[in-house]
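Residue numbers (my numbering), protein chains in the order written: chain A, 12 to 226; chain B, 38 to 427. Using N, Cα and C, we set each Cβ at its ideal position, and we do this for glycine too.
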Amino acid sequence: MPIPYSEKVIEHFKNPRNVGRLENFDAKATEGSPACGDMVTLYLKVDDASKTIQDVKFESYGCASNIATGSIITELAKGKTLEEARKITWKSAAEELGGLPAVKVHCSVLAVDTLRAAIQNYEEKHGLVKDRVPTTAEVVEKRLRHVMNPLTGLDIVKTHIVMGVEVTNGAVVVRVDLSRDHQFASNIEQEIKERIEPLWDVGEVQVIFNDDKEE
Amino acid sequence: MQNEAIYMDNAATTQVDPAVVEAMLPYFTERYAVASSQFSHSPGIEVREGLEAARATIAQALGAAKPEEVIFTSGETESNNWALRGMAQAFRGKKNHLVVSKIESRSVLDTAKALEKEGVRVTHLDVDGDGFVNLEQLRDSLTEDTFLVSIQHANEEMGTIQDIDAIAAIVKAKGVVFHTDASQTFTKVPLNLTETPADLATITAHLIHGPKGIAALYVREGTPIAKWMQGGFMEFNLRGGVENVPGAAGFAKAVELSSATQVEYTAALRDLLIDGIMARIPKTELNGPRHRRLPGNVNVSFHYAEGESTLLHLDMMGIAVVTGSACFSRSLEPSYVLMAMGKTHELAHGSIRYSLSRYNTVDEVDRVVEATAEVIETLRRISPLGKDEK
């Protein structure tokens, strides 16, 4: 095996489906940034009456895993209702692609999150969501389930890397059971911040490693 | 593109010259005795002569005063580990300050980090946008407590060749021991230790079409470095263990086969590749200096195209290169060298390194320029970035 990707990943990487922009889109979302090395923009055209995704297009700046996942989720989402599309997980996308290397799972999560964000945007625009929920430790923990440990490809909550979450007046503290010189320390810290900082009522996000000195 | 594979990762390792393999073979099948003792049996003495001849060839190429200043090791990683640890140990309890640059190889930086945990104070020198070490900062960093300065001759990623004479002069003016990792430059960029007062220098075989598993640490006579490995009196009582004579013979042959003409040839290919890419692909930046650059190094950043995807597309076209993108690295962090040079994360994610050797051709360079242009165009087409600009 010269390349650690399945044939299907390579196929979607070489010929991604539904690439581009939609002229008259009903919702659009962008996740990631060029600085993090991964960025996906996704456009939805939704049938108002049936709440069905009529068309979907995406653009990706990122690695093969990111491009292939973007391609496969647009295929999966097309023709589905918003409710159904929201249930597409990175796991089902990865399965559809014939599996992803553990270290690459976090790249595929981004594509799935972009789809969900676009659906959310549509619902907000059309008055389909209730009031904004205040951020609690539970909300943070739920989001942290989208941060992957690159060693295992499993989320950091399930694998007990997250030891505690505190939310005080918009300041979030996440304690992780890793030392600063862990191979992926910087990566995991950055991913945690990227997941939590966008929450509407969150200010500072602090990640504390088990060998950090606390004041 | 159904052409032959094109290898452009020669800064990582090179193809072994068939003449090198030839030179090594007798030491596996005929002259296989242990070289150690000078009062050995005849087969042992014969092998020892082979080992010392290899040492002399390498010492001469370095401008070393004596062959005994060349100590064979297993690789540049070992040589760098030894240079730092050997000096730290020699000065333990007397001097406790080490100076390195921020763009040293992992073997230097990680050893410095390990020493830091053991209580050594470490200064990491800044580099400018092209990767040149800040000489003022170097001068200011040296104190009575400094036992070693370790600064590479050239950088593996960016190709930046340091002003090694100026650096050595500053360090030696303070009477501090100076180590340089010359593994990227040996036989390619002039370094004559008769003129450049480095006390320790790392050199290696596998980057000059020699075998893997053999390298050396040059140790200037009188340098108080601690013995590295226990297990006998080999290598002038500095490194125990049975000598890698086939490796040493291959290393020496690789040195003999190197020439200024090849260096000029590789540098010409490098310039063709840089000019070709810059002319053919818009929104591209050259990383590292245009001049004072390793003869085989090309490092560029393509805006709006992520490096791992570029690498994978090129690989599927039979072209082997590497990227400084976080996605590609084992720690998922962008190239620390580009970061130290003050480049943005985006530029690191979009960086590609092509490294050439004498085995590359003009035709290959042309094909690589075309292939890269095609790949970057494809990736930019699907990228959300760069489309709203003029």
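(message) Can you check whether the C-beta of P45/A is within less than 7 Å of a C-beta belonging to chain B?
(response) yes
(message) Quick check on the burial criterion: 16 or more other C-beta atoms within 10 angstroms. Buried or exposed for Y133/A?
(response) buried
(request) Use the C-beta contact count for M340/B: other C-beta atoms within 10 angstroms, 16 or more gives buried, fewer gives exposed. (result) In the sequence on display, residue 340/B carries His and not Met. So H340/B counts as buried.
(message) Against chain A, with Cβ distances strictly below 7 Å, would P421/B count as a contact?
(response) For P421/B, a Cβ of chain A is located within less than 7 Å of the residue's own Cβ.
(request) Would you give the residue range spanned by the beta strand (DSSP E) that M50/A belongs to? (result) D49 to D58
(request) Starting from the beta carbon of E383/B, find every residue of chain A whose beta carbon is closer than 7 Å, and list them in chain order. (result) P45 and A46
(message) For K249/B and T50/B, which I take to be in contact (beta-carbon distance under 8 Å), what is that distance rounded to the nearest angstrom?
(response) So it is a contact: roughly 7 Å between Cβ atoms.
(message) Quick check: is the beta carbon of H78/B nearer than 7 Å to any beta carbon in chain A?
(response) Chain A contact via Cβ: absent.
(message) Does any residue of chain B have a CB that is nearer than 7 Å to the CB of Y133/A?
(response) no
(request) Give the C-beta separation of V186/B and V170/B to the nearest angstrom, bearing in mind that I take them to be a contact with Cβ-Cβ under 8 Å. (result) Rounded, the Cβ-Cβ distance is 10 Å, inconsistent with contact.
(message) Taking contact to mean 3 or more Cβ pairs, one atom from each stretch, closer than 8 Å, check whether the segment 181-199 of chain B and the segment 130-150 of chain B are in contact.
(response) yes
(message) For a minimum of 4 consecutive residues, which ranges assigned as the alpha helix (DSSP H) are wholly contained in the segment 279-351 of chain B?
(response) Qualifying alpha helix (DSSP H) stretches, in chain order: 282-294 and 297-317.
(message) Is the separation between the beta-carbon of S362/B and that of H386/B shorter than 7 Å?
(response) yes
(request) State the beta-bridge partners of L254/B as determined by DSSP. (result) I108/B and T239/B
(message) Following a CB-centred definition, is A297/B positioned closer than 6 Å to any heavy atom of the ligand MN?
(response) This structure simply doesn't include the ligand MN, nor any ligand for that matter.
(message) Can you find the residues in the same chain that come closer than 7 Å, C-beta to C-beta, to Q174/B, ignoring five residues on each side of it along the sequence?
(response) L162 and D163
(request) Please confirm if A42/B has its CB atom under 7 Å from at least one CB of chain A. (result) no
(message) Quick check on the burial criterion: 16 or more other C-beta atoms within 10 angstroms. Buried or exposed for Y69/B?
(response) Y69/B comes out exposed.
(request) Using a cut-off of 8 Å between C-beta atoms, extract the partners of E177/A located in chain B. (result) Ordered by position in chain B, no residue passes the 8 Å Cβ test against E177/A, which lies about 26 Å from the chain.
(message) Using only the alpha-carbon positions, how far apart do S74/B and E272/B sit?
(response) Using only the alpha carbons, I get a separation of about 11 Å.
(message) Taking its Cβ as the centre, do 16 or more other Cβ atoms sit within 10 Å of G156/B, making it buried, or is it exposed?
(response) Exposed, since its Cβ has fewer than 16 Cβ neighbours within 10 Å.
(request) Give every residue of the same chain whose Cβ lies closer than 7 Å to the Cβ of L323/B, excluding the five residues on either side of it in the sequence, and list them in chain order. (result) I311, M315 and V337
(message) What does DSSP give as the partner residue(s) for D66/A in the beta ladder?
(response) K56/A
(request) Answer with buried or exposed for Q221/B, where buried requires no fewer than 16 other C-beta atoms within 10 angstroms of its C-beta. (result) buried
(request) Can you tell me the Cβ-Cβ gap for T233/B and I201/B, rounded? I've got them flagged as a contact below 8 Å. (result) 6 Å
(request) Give the secondary structure of E83/B by DSSP, where H, G and I count as helix, E and B as strand, and everything else as coil. (result) helix
(message) Whole angstroms are fine: how far does the CA of A377/B sit from the CA of A105/A?
(response) 36 Å
(request) Closer than 8 Å by beta-carbon distance: list the chain B residues that pair up with V120/A, in chain order. (result) Near V120/A there are no residues of chain B at all, since even the closest Cβ is about 14 Å away, more than 8 Å.
(message) Could you give the first and the last residue of the continuous alpha helix (DSSP H) run that contains H157/A?
(response) Premise fails: H157/A is in no alpha helix (DSSP H) and is neither H nor E.
(message) Measuring straight from C-alpha to C-alpha, what distance separates S116/B and E194/B?
(response) 19 Å
(request) Give the straight-line distance between the Cα atoms of V20/A and A90/B, rounded to the nearest whole angstrom. (result) Going by the C-alpha atoms only, they are around 53 Å apart.
(request) Output the boundary residues of the alpha helix (DSSP H) element that contains G81/A. (result) A75 to A88
(request) Measure from the alpha carbon of A101/B to the alpha carbon of each residue in I198/B, V57/B, T231/B and A210/B, then state which is nearest. (result) T231/B
(message) Using a Cβ-Cβ distance cut-off of 7 Å, determine whether P27/A contacts chain B.
(response) At least one chain B Cβ lies under 7 Å of P27/A.
(message) Less than 7 Å between the C-beta atoms of L53/A and T125/A, yes or no?
(response) yes
(message) Measuring alpha carbon to alpha carbon, tell me which residue in S394/B, S346/B and R276/B is nearest D308/B.
(response) S394/B
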